[in-house]
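Chains as they are written, first to last, in our numbering: chain L, 1 to 432; chain X, 433 to 864.
Ideal Cβ positions, reconstructed from N, Cα and C, are used throughout, including at glycine.
Just so we're clear, the structure is a prediction, and the values are computed from it rather than from any experiment.
See structure below.
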């Protein structure tokens, strides 16, 4: 048996605020960061890598939160932990003392996500397969074993989840082949950051269309006149057939959101993302009803499966945007994929940041092969930043994610990049 | 002008798990703890004390979260910070990078609460008044200036809040006098911890009635037969005129909660507290509708004002239980008091833990004098633990909180207690 002998954490930050990459109406100057964790064993098998994505200050708090979980892993045998990821998840999430810091939300919950994802990375590497395929090869019983149905059973219980998975079992192999051959649809947020000037917006929008993307996304919500002008530029550049979504990053109150969106409706919006507080389920439902048929998209800041359950119950989200690192890792995202499948709502993962594309693509591809069984109306966000720091960076071909083939979850960063972006001692910061 | 020269933090823990004080269906063995902060200035005026309450592991993460806020205070002039607590709150809560760790929930949000409360403690001490009186002496305009109405305006905006406060302005002085003369109603959870045996439950229930409490509370949710037996003992001991509330501490799923509560309804329940996930607004609403007329009480784990707004909108809470340290301090609690007043729902604060009674009594008393204008159906939780560690411990007289008269918020711990409970080096832990 192999034993976990180290849970090493790292505070890694990228000085992205210098170029206003990632700027939006709520986040004017993010420094993309990861609270990074490596789980090491005493055998020759691969390590497990995971992280929490943050935007700068507070990344040290996130590292401290991951550190508290060390005792759940150190000295434990690897195989039973990896073989029972449902049980492992419960032990981490339901520790009664640590749970108090959430419960199941904020820094402590995301820390669990980093550790859970690191274990999945290790499991996939040891299986010699990309994570999406490890998940898609599980039986329906094995998949529901990953899910904690606590607080979900009034809407979805184990037996109904099993039925959903059984009904998607036929065709898994065909879809996996199609995925490998054709990839998975993507859209790009690269053109739309609020800090970019009009010329850069036009140039990048044109490049996105030329590269084959069927949808782009623009940040909005700081100034209505600016939004109108920028949407006009994007629509003019893209033509009528490329979808344009907008993202307010929680900028508005409920009534304000409705008024503002109606002012922008003429530009044919693919969806409106994060119109208000991510906690406001009833607010999202009210907005969605009043701006229909424009869909509301949300989820990158949705704290846990209980909040996703309610967004679906209340019809507050017509597009579910899971995030690989906001929830408590792969297991809780599987729960959300099942909830979305039950409600027939498409999942279009949030990505960008640093490393989010690399991980979350596996979840969308698993969804396609084994859960929803379709890619219709689905696509993964793509931003062309910081991929060069990862050992298996995403590949985009004609506006689609190419299915990863290397073993693991995609989370592993290059050692040189880790050294250079260590905060505050790394070369990237010394130069700043 | 005076300047802030130190923001000192402390990891303080009490080994309460040794006696099962505080044990319930979700928290079998808490070690009551505080991530404690002292804000110091370069003048001779008093310091400000605040803290986050936790139950053990993770208290160090909470300290790390408070540490990130140091730069918002160090070197700043004290008077403008204290004079504009609304602006100070916004700067702390809306820092775009730190906000990512919530947003507005979990460790980072509670850290803001500790700092905000420490500043209120300082302001009250410098005014030479107890916090409740500082707040109750503010004009309606000054009170609404404390509140961030972002994400609330679909339900409550500044002008409506002003009207509520204006209509409670008459009678403020009478109510303040009555409060000083008669105190504020309390109920006690002292008898009801799940780890206590039947004899201890009966003895403590009897003592509570003899001490003049009109309501006690029992922990439930681990085992239905145990709950029935313990409720029978409590009801037998207390007689029919003392109210008995039960608290499930988030133990149940929605349908399970309804079934379980119906089994206990014969014991005449004053309220059912935290029946399910604190995030499940729609679940609370469903439970409340199906167990009516038994009221649902919740709030001690409600993350922010947006969640409280929805609990009230959806009629998921018939009793609002604010917590002094879960929300972002006094300011956000003022927002919740205003929301509850608008909906006519009584606020019965959560307390216990360590130091929670000391702080939260000020908020309930402010509510009585200046917001709701009534104590009908209101009471503050009381538990008889750990008060001896505070410089101005709560006083209970015939089942009522005696209105504090000393300057400050009540948060200040004795220096000897702080030394002894420093974790892990203090004497309380060396002896363990």
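Checklist entry - Is residue 86 of chain L closer than 9 angstroms to residue 157 of chain L when the C-beta atoms are compared? => result Contact: no.
Next on the checklist: Here's the rule: buried if 16 or more other CB atoms are within 10 angstroms of the residue's CB, otherwise exposed. What is residue 17 of chain L?
Outcome noted: The residue in question, residue 17 of chain L, is buried, as its Cβ has 16 or more Cβ neighbours within 10 Å.
Checklist entry - Can the beta-carbon of residue 803 of chain X be found less than 9 angstroms from the beta-carbon of residue 835 of chain X? => result Not closer than 9 angstroms, so no.
Next on the checklist: Do residue 820 of chain X and residue 841 of chain X have their beta-carbon atoms positioned less than 9 angstroms apart in this structure?
Outcome noted: Not in contact: residue 841 of chain X and residue 820 of chain X (Cβ atoms no closer than 9 angstroms).
Checklist entry - What residues in its chain sit with their C-beta under 7 angstroms from that of residue 367 of chain L, if we drop five residues either side in the sequence? => result These residues qualify, in order along the chain: 337, 347.
Item to check | Rounded distance between the beta-carbons of residue 540 of chain X and residue 480 of chain X, thought under 8 angstroms | outcome: For residue 480 of chain X against residue 540 of chain X, the beta-carbon gap comes to about 20 angstroms, at or over 8 angstroms, which does not count as contact.
Checklist entry - Between which two residues does the alpha helix (DSSP H) harbouring residue 49 of chain L extend? => result Looking at the DSSP string, residue 49 of chain L is not in any alpha helix (DSSP H); the run it does join, the beta strand (DSSP E), is 48-54.
Checklist entry - How about residue 274 of chain L and residue 297 of chain L: do their beta carbons lie closer than 9 angstroms? => result The answer is yes: Cβ separation under 9 angstroms.
Item to check | Assigned exposure category for residue 571 of chain X - 16 Cβ within 10 Å defines buried | outcome: The residue is exposed, with fewer than 16 neighbouring Cβ atoms inside 10 Å.
Item to check | Given residue 320 of chain L as reference, the closest of L:292, L:328, L:278 once Cα atoms are compared | outcome: Out of L:292, L:328, L:278, L:278 has the C-alpha closest to the C-alpha of residue 320 of chain L.
Checklist entry - Does DSSP put residue 271 of chain L in a helix, a strand or coil? => result In the three-state reduction of the DSSP assignment, residue 271 of chain L falls in the strand class.
Item to check | Contact check, residue 436 of chain X vs residue 507 of chain X, beta carbons under 9 angstroms | outcome: Pairing residue 436 of chain X with residue 507 of chain X gives a Cβ-Cβ distance under 9 angstroms.
Checklist entry - If you run the structure through DSSP and keep just helix, strand and coil, what is residue 257 of chain L? => result Here residue 257 of chain L sits in helix by DSSP.
Checklist entry - Can you list the residues of chain L that residue 487 of chain X reaches, using a CB-CB cut of under 8 angstroms? => result Within chain L, the residues near residue 487 of chain X are 96, 97, 100.
Item to check | Start-to-end residues for the alpha helix (DSSP H) that takes in residue 865 of chain X | outcome: Summary: the structure shown does not reach residue 865 of chain X, with chain X confined to residues 433 through 864, and so no result is reported for it.
Item to check | Per DSSP, cross-strand counterpart(s) of residue 562 of chain X | outcome: Listed as beta-bridge partners of residue 562 of chain X by DSSP are X:840.
Checklist entry - Taking a cut of 9 angstroms between CB atoms, which residues from the region 27-40 of chain L lie near chain X? => result Those residues of the region 27-40 of chain L that come within reach of chain X (Cβ to Cβ, closer than 9 angstroms) are 27, 28, 29, 30, 31, 33.
Next on the checklist: Whole angstroms are fine: how far does the CA of residue 21 of chain L sit from the CA of residue 27 of chain L?
Outcome noted: So the two alpha carbons sit approximately 10 angstroms from each other.
Item to check | Range covered by the alpha helix (DSSP H) that runs through residue 604 of chain X | outcome: Looking at the DSSP string, the run of the alpha helix (DSSP H) that includes residue 604 of chain X is 604-614.
Next on the checklist: In this structure, how does DSSP classify residue 834 of chain X when only helix, strand and coil are distinguished?
Outcome noted: Assignment of residue 834 of chain X by DSSP, reduced to helix, strand and coil, places it in the coil class.
Checklist entry - Under the three-state reduction of DSSP, which class applies to residue 858 of chain X: helix, strand or coil? => result If DSSP states are grouped into helix, strand and coil, residue 858 of chain X belongs with coil.
Item to check | Integer-rounded CB distance, given that residue 566 of chain X should sit under 8 angstroms from residue 556 of chain X | outcome: Between the beta-carbon of residue 556 of chain X and that of residue 566 of chain X there is about 5 angstroms, and that keeps the pair under the 8 angstroms contact cut.
Item to check | As assigned by DSSP and simplified to three states, the class of residue 737 of chain X | outcome: Helix, per DSSP.
Checklist entry - Do you know offhand how far residue 524 of chain X's Cα is from residue 499 of chain X's? => result Looking at the two C-alpha atoms, the distance is approximately 13 angstroms.
Checklist entry - Between the Cα of residue 846 of chain X and the Cα atoms of X:829, X:521, X:853, X:823, which residue gives the shortest distance? => result It is X:823.
Checklist entry - For a contact meaning CB atoms closer than 7 angstroms, what does residue 621 of chain X contact in chain L? => result Contacts between residue 621 of chain X and chain L, judged by CB atoms closer than 7 angstroms, are missing: the closest CB pair is about 17 angstroms apart.
Checklist entry - According to the Cβ coordinates, are residue 621 of chain X and residue 813 of chain X closer than 9 angstroms? => result Yes.
Checklist entry - So with Cβ pairs under 9 angstroms, would you call residue 58 of chain L a contact of chain X? => result Residue contact with chain X for residue 58 of chain L: present (Cβ-Cβ distance below 9 angstroms to some residue of chain X).
Next on the checklist: Check whether chain L comes within 9 angstroms of residue 746 of chain X, counting only Cβ atoms and requiring the distance to be less than that.
Outcome noted: Yes, residue 746 of chain X lies at the interface with chain L (some Cβ there is under 9 angstroms from its Cβ).
Item to check | Where the beta strand (DSSP E) containing residue 11 of chain L begins and where it ends | outcome: Boundaries of the beta strand (DSSP E) around residue 11 of chain L: 4-13.
Item to check | Min CB distance residue 108 of chain L to chain X below 9 angstroms | outcome: At least one CB atom of chain X sits nearer than 9 angstroms to the CB of residue 108 of chain L.
Item to check | Residue of X:665, X:671, X:685, X:661 minimising C-alpha distance to residue 642 of chain X | outcome: Selected option, being the one with the closest Cα: X:671.
Checklist entry - Hey, residue 363 of chain L and residue 349 of chain L are a contact pair by Cβ (cut 8 angstroms); roughly how many whole angstroms apart? => result Between residue 363 of chain L and residue 349 of chain L a beta carbon distance of about 6 angstroms is seen, short of the 8 angstroms cut, so the two are scored as contacting.
Next on the checklist: So for residue 218 of chain L, helix, strand or coil by DSSP?
Outcome noted: Strand at residue 218 of chain L.
Checklist entry - Quick one: which chain L residues come within Cβ less than 7 angstroms of residue 583 of chain X? => result By Cβ distance, chain L contributes 253, 276, 277, 280.
Checklist entry - Just the Cα atoms here: how many angstroms apart are residue 181 of chain L and residue 576 of chain X? => result Going by the C-alpha atoms only, they are around 60 angstroms apart.
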